[in-house]
Amino acid sequence: MASQPAIELKNITKRFGKVVANKNVNLTVNRGEILSILGENGSGKTTLMNMISGIYFPDEGSIYVNGEEVVIASPKDAFTYNIGMIHQHFKLVDVFSAAENIVLGIKDGKYNLKKSTERIKQISEQYGFEIDPEKKIYTMSVSEKQTVEIIKVLYRGADILILDEPTAVLTPQETSKLFNILRRMRDDGKSIIIITHKLHEVLSLSDKVAVLRKGEYVGTVNTAETNEAELTEMMVGKKVDLNIFRSEPCSDEVRLSVKGITCVDRQGTVVLDDISFDVKAGEILGIAGIAGSGQRELLEAVAGLQKLNSGEITYNNPNTGNADNLRDKTPMQIRNLGVRLSFVPEDRLGMGLVGNMDIVDNMMLRSYSKGKTVFLERTGPRYLALKIINDLEVVTPGASTPVRRLSGGNVQKVLVGREIASSPTVLMVAYPVRGLDINSSYLIYNLLNEQKEKGVAVIFVGEDLDVLIELCDRIMVIGSGKITGTVDARTTTKEEIGLLMTKSDYKGEMNNG
Amino acid sequence: MADVKNNIKSKREPLIHIAKRDDMVWWKAWIIRGIAILTSIIIMMAIALVLANVSRPEYASVSVIVETMYRGVLGRIEEGSFVMLWKYLQEVAILLCLALALTPAFKMKFWNCGAEGQALIGGFGAVVCMIELGGKVPDALLIPIIIVVSILCGAIWGFIPAIFKAFFNTNETLFTLMMNYIATKIIAYYVYIEGGGSHVIAPQKHGNLPNLLNNDYLLNIVIVALLTVVMFVYLKYSKHGYEINVVGESQNTARYIGINVKKVIIRTMCISGALCGVGGMLLVAGTDHTIRTDSIGGQGFTAIMISWLGQFNPFIMVIMTGLVKFLEMGMGKVADNCHLNSSFADIVVGIVLLCVVGCEFFVRYSVKFRRNKKEVKA
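Heads up: the protein sequence lines correspond to chains A and B, in order. Taken in order, the first sequence gives residues 1 to 513; the numbers are from the numbering used here. Taken in order, the second sequence gives residues 1001 to 1378; the numbers are from the numbering used here.
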């Protein structure tokens, strides 16, 4: 039973125009087995999974489910073969309850929410989910929403589950909970395919690891017989140094000082609650927290994009010695003050760059208004674009390629490269390695370290606690818009940060009860 | 778990599936577009032949229809008569002017559907000046006044929806459409007062734009040709053009780099409205010397298509305008000769546009047919 293949892919090839997303991929997942799919960005992991779940159709090759050749032409077909995919971005109706979302779209003739709720409870007990079927989606945390997505596919009888980077949005505690559930499913005979970037997760969870590189299938190894270094080498094609070098902070000068800022959004929710902190020149201040705890608003407040209800943001200008107040200033006014503030926002193509513009025009975003003429000056930006392509090894057909055609890692290189090129004194980065492969991630870490050594005050909002601990000097943890603690990155542990991340929630529960 | 595999219907690969492509070489794309135009011409001919056969069988042949179209647009050009050609170029110029005016707004993703009203109100400004000031001030002074007033009128018609869009995020499509009706009714009202019993304003003698080289249309054509170049440069090489592009692509990015989004929206719509005003002014002061509620005749809407067909590139828009006007005037003549009604030309233009726009699907996506017909064993 255990060695019976649940799903097999043979010589799967998929092309998008000239780009070969998958080339002759062979995969086998047995019943009661967890397979990790590992690969650099743009190596075709998601494309491959989309073909199994019926979103794309392969150009060549065949898929076997339980030993029989099948054709999966639509997500509906995938469901009939008991294949369920949990996407990175949840597809839930916010105003519906969990149970309503789970039964949504099932055409078995009868709509009986009571019976369905019973079954949902039964599934939850069987695998150890914690869920209230009557709870509305919009009141749920990210991890609860994910639970709903997983139950949704189980409810439809999925035997083969595909999870696309499920841990990207979870805290360490939530991740280990999820892994326990996945292990239980495996023991129940289900087959699980998980896409992830995090090597330690691959090693702790899966039975086998399949590695893809640039769309090509490199091989499958048993997890028990491999290690991080070997996997990285398979993925990248060469040896990679996985240590982040951390230097001591070089000065005590406070570059940016935030005092008691509070921000209320349009719905009246307090998104930033009395936040105060200092950033020194030449240090990396990490900011950890569950996604949506106010990280984005905090950075946008400093960048002049968020209206504040109270508080002060003071910038100590190293050139003039002045202390400038940045509150209620627009980005243009901040720049005109001589504040060299760079900001790599979370939403790269929606905020940091313009996807449909080429690299040269994206370089101009920061500098286009310079000069007295009404015409644009493109020679400088073109030179900068070529320099960044060369220095950061951006993979692109040329400087006049629209950035949306680049892969995530290369997009980020373009953005970070531009922000660093203006030689900032304060550099804010939000999730700079999200969705990036190992090589690009380490390149970004090195760039941040370089800036730190130059005396730049770096604020790093991150989600991978291992990286935060390795890279930063101090880590400030925020929960629900409040600072729940600041720790020394050199002495803290993941568990300590994890607890701080959920601290305000516990307080809230205690107050209610 | 219940085994539902028996319910599966699609044991076979789907007959066709569609894949996005990014890499089509430009000449292949133009071959596809060429085929589309050819197809539309064949459909057009077929319709013309069928309809002509009903009313005037002697016109129901391809060669007669082609000749009629040619005469309808170019007239007796081989006999040295260029009247029709100039008329054609004038029509192209006005339509192109409106399409050029819409383009900066469209690049900003501001769907200005109000070219009709903005042009009408520009022409209205010109007519009012001609009537109220004509004879009282010398033409040398009157013409600059007319130019300024028309541009201002058009700009105001663009400014109003822009303000509401920028500050209250109203829907610009509906807003600009409503503004068209207001413009039309203002003119209807004015014509009623000024036109007296006939409800028509007689052509005015004062405040007419001068004729270049004794040609009624040349000045308009030259002005629009200049505008085409200016617009191309403005969109591609000026800082304003860059801001328009960024705001259109992503308002978040615009905010992030410190562009004042409201200012750009308002400024661009003023420019868009002002250029429509110029179009109206050229029509009124340049050629018609009067105004009717249907002076623009729906060209403000055709201009929307032109701007899109030209992919917001002024030079491609020139070609597209030429094509559309050729069909419109040529088919108008065919309709005339065959005793078909004037909607015939609109139908034909509609079909051609549908084919040309529709073919972009094949430029962006490839359609793949089933590779083998073998049935997969269940």
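Cβ coordinates follow ideal geometry from the N, Cα and C atoms, glycine included. Here the structure is a predicted model, which is why all the values come from computation and not from measurement.
Legend entry - Interface flag, residue 1183 of chain B vs chain D, CB-CB below 8 angstroms: This model lacks chain D altogether, as its protein chains are A and B.
Legend entry - Alpha carbon of residue 96 of chain A to alpha carbon of residue 87 of chain A, nearest angstrom: 19 angstroms
Inset, instruction - Starting from the C-beta of residue 1243 of chain B, find all residues in its chain whose C-beta is less than 6 angstroms away, skip the five residues before and the five after it, and write them out in chain order. - result: 1259 and 1264
Inset, instruction - Take residue 1157 of chain B and list the residues in its own chain whose beta-carbon comes closer than 7 angstroms to its own, dropping the five residues that flank it on each side. - result: Only residues of its own chain outside the window of five on either side were considered, and among them 1114, 1117, 1118, 1121, 1179, 1183 and 1273 have a CB closer than 7 angstroms to the CB of residue 1157 of chain B, listed in chain order.
Inset, instruction - Identify, in the order they occur along the chain, each residue of the same chain with its Cβ nearer than 6 angstroms to the Cβ of residue 1364 of chain B, setting aside the five sequence neighbours on each side. - result: none
Legend entry - residue 1055 of chain B: first and last residue of the uninterrupted alpha helix (DSSP H) it sits in: 1026–1055
Legend entry - Own chain partners of residue 155 of chain A with C-beta closer than 6 angstroms, once the 5 adjacent residues on each side are dropped: Residues of the same chain with a CB within less than 6 angstroms of the CB of residue 155 of chain A, apart from the 5 flanking positions on each side, are 102 in chain order.
Legend entry - Given residue 58 of chain A as reference, the closest of A:129, A:427 and A:11 once Cα atoms are compared: For the set A:129, A:427 and A:11, the Cα lying nearest the Cα of residue 58 of chain A is the one of A:11.
Inset, instruction - Rounded to whole angstroms, what's the CA-CA distance from residue 1155 of chain B to residue 313 of chain A? Just pull it up for me. - result: Rounded to the nearest whole angstrom, the C-alpha separation of residue 1155 of chain B and residue 313 of chain A is 41 angstroms.
Legend entry - Where the segment 1254–1287 of chain B meets chain A: residues whose CB sits under 7 angstroms from a CB there: Residues of the segment 1254–1287 of chain B whose Cβ lies closer than 7 angstroms to any Cβ of chain A, in chain order: 1255, 1256, 1257 and 1258.
Inset, instruction - Please check if any C-beta of chain B sits within less than 8 angstroms of the C-beta of residue 522 of chain A. - result: Because chain A in this structure spans residues 1 to 513, residue 522 of chain A falls outside the shown range and cannot be described.
Legend entry - CA-to-CA distance, residue 19 of chain A to residue 384 of chain A, given in whole angstroms: 27 angstroms
Inset, instruction - Starting from residue 312 of chain A, follow the beta strand (DSSP E) in both directions and report where the run begins and ends. - result: 310–316
Inset, instruction - Given a cut-off of 8 angstroms, decide if residue 318 of chain A and residue 282 of chain A are closer than it, judged by their beta-carbon atoms. - result: The answer is no: Cβ separation not under 8 angstroms.
Legend entry - Below-8 angstroms beta-carbon distance, residue 407 of chain A vs any chain B residue: no
Inset, instruction - Helix, strand or coil for residue 299 of chain A, going by three-state DSSP, please let me know. - result: helix
Inset, instruction - Specify the secondary structure class of residue 108 of chain A as computed by DSSP and reduced to three states. - result: coil
Inset, instruction - On a CA-only basis, which of A:289, A:343 and A:340 is nearest residue 499 of chain A? Give me that one, please. - result: A:289
Inset, instruction - Would you kindly check if the distance between the Cβ of residue 262 of chain A and the Cβ of residue 164 of chain A is under 8 angstroms? - result: For the 8 angstroms CB-CB criterion, residue 164 of chain A and residue 262 of chain A do not form a contact.
Legend entry - Chain-order list of residues whose beta-carbon lies under 6 angstroms from that of residue 1127 of chain B (same chain, five-residue window excluded): 1284 and 1291
Legend entry - Neighbourhood of residue 1339 of chain B by C-beta distance below 7 angstroms, restricted to the same chain and skipping five residues each side: 1055 and 1056
Legend entry - Separation of residue 22 of chain A from residue 1018 of chain B, as counted between CA atoms: Straight-line Cα distance between these residues: approximately 17 angstroms.
Inset, instruction - Work out the CA separation of residue 236 of chain A and residue 42 of chain A for me, nearest whole Å. - result: When rounded, the distance between both Cα atoms is 12 angstroms.
Inset, instruction - Please determine, among B:1369, B:1089 and B:1359, the residue with the shortest C-alpha to C-alpha distance to residue 1034 of chain B. - result: Out of B:1369, B:1089 and B:1359, the CA that lies nearest to the CA of residue 1034 of chain B is found in B:1359.
Inset, instruction - Determine, using beta carbons only, whether residue 447 of chain A and residue 420 of chain A come nearer to each other than 8 angstroms. - result: yes
Inset, instruction - Take residue 1302 of chain B and list the residues in its own chain whose beta-carbon comes closer than 7 angstroms to its own, dropping the five residues that flank it on each side. - result: 1095 and 1324
Legend entry - Neighbour list for residue 1083 of chain B in chain A, Cβ cutoff strictly below 8 angstroms: Those within 8 angstroms of residue 1083 of chain B in chain A number zero; the least Cβ separation is about 41 angstroms.
Inset, instruction - Quick one: list the residues of chain A neighbouring residue 1252 of chain B, beta-carbon separation under 8 angstroms, in chain order. - result: Proximity of chain A to residue 1252 of chain B at the Cβ level (cut-off 8 angstroms) is accounted for by 347, 350 and 351, in chain order.
Inset, instruction - Give a yes or no on whether the minimum CB-CB distance between residue 1369 of chain B and chain A is below 8 angstroms. - result: no
Inset, instruction - Say whether chain B places a C-beta atom closer than 8 angstroms to the C-beta of residue 332 of chain A. - result: yes
Inset, instruction - Work out the CA separation of residue 139 of chain A and residue 456 of chain A for me, nearest whole Å. - result: 39 angstroms
Inset, instruction - Could you tell me whether the Cβ atoms of residue 444 of chain A and residue 285 of chain A are closer together than 8 angstroms? - result: no
Inset, instruction - Would you list the residues sitting across from residue 64 of chain A in a DSSP beta bridge? - result: A:8 and A:69
Legend entry - As assigned by DSSP and simplified to three states, the class of residue 1222 of chain B: helix
Inset, instruction - Could you list which residues in chain B have their beta carbon closer than 8 angstroms to that of residue 16 of chain A, in chain order? - result: 1019, 1020, 1021 and 1022
Legend entry - Interface partners of residue 1237 of chain B on chain A, CB under 7 angstroms: 375 and 376
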